[in-house]
Structure formats: C-alpha cells, structure tokens
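First up is the structure itself, then whatever we jot down about it.
Numbering (the UniProt record's numbering), first residue to last: 1 to 232.
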C-alpha cells in the first residue's frame, strides 16, 4: 500500500510540474490554434503530434510563415527525442516583443547575460532555454538577429534537451573528452562556444538545421556528430 501511495505522489508532482509550465505561458497551444490559417496550412504534414502541446503561440498577431518555418525546424528533430521533450513537459513559447515580458523571465529584467557586452541585457536577447519553458522570438531564427547561433529555436531548445532529456549530458566526462578534441576545430576563435553547454546546443542546431550544417558538423567534428547520431 505504501508503495502505491509513494508512486501516486511522484506522478502527482510530475503532472503538477507540467501544469505549472503551461500556466506560466500567456499564449495558445498549437493544437488549439484555428485550422483555417496560413500557419496551419504552411506546416509540414508529417510533424509529430506532440508538437501540438509543446509549441505555444502569441495571442496577438504574428508572421504565420515565419512561425511555420520555426515549427517545421523543430519538427525535424528525431521523433524519439520529441517524445521525451513531451514527456518532460517542456514547452516552446514563440513570442513577439521582449523576452523579459514573460512571467518566467521577468526576474532577468535589466540583467546582462553571460558572454554579452556593450550594455546588452536580457531584455534585448531573443531567446532562452535550459528549463521546462523555452522562449524563442519570432523572426529571430537566423544568425545576426541578436544572437550568434546558426538557428535560434534549435539552439535554445537544445539547452533544455541537454539538461532535462539527457540529464546534463554536456557536463559528463564523455562529452568533455569530445569537446576538448573538437571545440577549436568546429568553432575556432569563438570564446562563447567554449562553454560546454553552448557547444552542445550549437552542435545540436547544426545537426538538425539543414544538410549543409549537418555536413559541416560531420566533417569538422566527427566525434560530436557521432554523439548527436546516438541520441534517441
């Protein structure tokens, strides 16, 4: 009897954590968005069903084509990983405006993020990941839009995948050995990606973004590529 009580308690805590993540988002879930819209018609037909509960959209107007591209990129992630994202209760909030406008990020108001200079604060940064709520600004996917990643949504989501899906894989001894051998080859003279978690997130983004970045990763950092291949 005691075992069943403990199991029920654990399940209740897990479900509560998911509800808490969802309650902290002011947007609307992709699955609740009207079907007869440019956004829905622009989505790939083979997207994982779980994205309907993972992706959240603004309630105000936004660029449907930009958002469709963002969702399609996220949908390219291996289906087994998407399922684990869903099981962990991770949410991707696509937003307009400032990052610090949201409930889960207001504590960052006016603060300077690691690796940024020249007076940049979290208010100006287009995304953040690593927890159960990932925030990504619409229209900022490409490098140069307030960040240096090949793709913002994949990079930020990768932080949460690192921490929650694969239990901080970027901090493991195995990953450290790979990083030591290939960091300079993949990102020469780039101090930002010397952080293990940033290296993982950017390599993950390169693996999934397109054939060109995938091939670059495979050629310049084969051990890192093999690691990405092994993640399911």
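C-beta: ideal position from N, C-alpha, C; glycine also.
Item                                                                                                                                                    : Value
Determine the closest residue to residue 152 out of 66, 58 and 164, with distance taken between C-alpha atoms.                                          : 66
Can you check DSSP and say which residues form a bridge with residue 201?                                                                               : Paired residue(s): none; residue 201 is not in a bridge.
Taking the CB atoms as reference points, tell me whether residue 201 and residue 217 lie closer together than 8 Å.                                      : no
Given a cut-off of 8 Å on the beta-carbon distance, is the pair residue 160 and residue 205 in contact?                                                 : no
Which residues in the same chain have their Cβ closer than 7 Å to the Cβ of residue 143, if we skip the five residues on either side of it in sequence? : 149 and 150
Cβ atoms of residue 208 and residue 76: under 8 Å apart, would you say?                                                                                 : yes
Let's test the definition: count the other Cβ atoms within 10 Å of the Cβ of residue 228 and tell me whether it reaches 16, buried, or not, exposed.    : buried
Which runs of the beta strand (DSSP E) spanning at least 3 residues fall entirely within the stretch 102 to 158, listed in chain order?                 : 133 to 137
Helix, strand or coil: how does DSSP classify residue 21 here?                                                                                          : Low per-residue confidence applies at residue 21: pLDDT is 49, beneath 50, and the placement is therefore not dependable enough to give any value.
In this structure, does DSSP put residue 94 in helix, strand or coil?                                                                                   : strand
Have a look at residue 55 and residue 213 and give me their C-alpha separation to the nearest angstrom.                                                 : 24 Å
Is it right to say residue 21 is buried, meaning 16 or more other beta carbons lie within 10 angstroms of its own, or is it exposed?                    : Because the pLDDT of residue 21 is 49, which lies under 50, any placement of that residue in the model is unreliable, and the question is left without a value.
Kindly indicate which three-state DSSP category residue 71 falls into: helix, strand or coil?                                                           : helix
Which of the three DSSP states is assigned to residue 33 in this structure?                                                                             : coil
Could you pull the start and end residues of the beta strand (DSSP E) that residue 57 belongs to?                                                       : 55 to 57
Could you give the C-beta distance for residue 127 and residue 120, rounded to a whole number, given that I count them as a contact under 8 Å?          : The Cβ separation is near 13 Å, so there is no contact.
I'd like to check one pair, residue 104 with residue 125: are the Cβ atoms closer than 8 Å?                                                             : no
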